[in-house]
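Letter by letter, the sequence shown follows residues 63 to 160 in the working numbering.
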Amino acid sequence: MKAIVLSLALPLLMLAADASAATYRCGTKLVSSGDRTSEVTNKCGPPNSNNFIGYTETINGNQGLQIEEWIYGPANGALYFLRFEGGRLTAVESKRQQ
Numbered sequence: 063m064k065a066i067v068l069s070l071a072l073p074l075l076m077l078a079a080d081a082s083a084a085t086y087r088c089g090t091k092l093v094s095s096g097d098r099t100s101e102v103t104n105k106c107g108p109p110n111s112n113n114f115i116g117y118t119e120t121i122n123g124n125q126g127l128q129i130e131e132w133i134y135g136p137a138n139g140a141l142y143f144l145r146f147e148g149g150r151l152t153a154v155e156s157k158r159q160q
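What follows is the structure, encoded as C-alpha cells:
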C-alpha cells in the first residue's frame, strides 16, 4: 500500500515542481506559464532584450509556433530568461551573474 501511494505521489510532486519553475516575479506582480506576451509586458515592462529563436517542430514538417526569448535583469544578481512559444510563456530560467 505504501509503495502505491509513493508511486502516485512522485509524479504529482514532479508536476508541482515543474509548474513553479515557469513563474517570474517582477516587482509586486507575478507572471506564469500560459500568460501572453502582452500580459507580461503590462506587468513587467519591456524586456532588456528580445530574441527570436525559431519555430517549434511539427510532425508534418510545417512551420510551427514562433519561439522568443525575453531577458530581464540583472535583478538581485541574476538574469531571467523567459521563453515564449506562440506568444505564451512556457518557461522561466535564471542565471546568476559572476
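Glycine residues also receive a C-beta, built at the ideal position from the N, C-alpha and C atoms. Computed from a predicted structure; not experimentally measured.
>> For the pair the segment 126-146 and the segment 109-117, tell me if three or more CB-CB distances fall below 8 Å.
In response: Between the segment 126-146 and the segment 109-117, the count of C-beta pairs closer than 8 Å reaches three or more; the two stretches touch.
> Bridge partners of residue 128, per DSSP?
Replying inline: In the DSSP output, where bridge partners are listed per residue, residue 128 has 117.
> Among 109, 99, 149, 152, which residue has its Cα nearest to the Cα of residue 137?
Replying inline: 109
>> Using only CA atoms, which one of 142, 101, 84 lies nearest to residue 149?
In response: Per the C-alpha coordinates, the member of 142, 101, 84 positioned closest to residue 149 is 101.
>> Check for me: the beta strand (DSSP E) holding residue 95 runs from which residue to which?
In response: First-last for residue 95: undefined, no H or E at that position.
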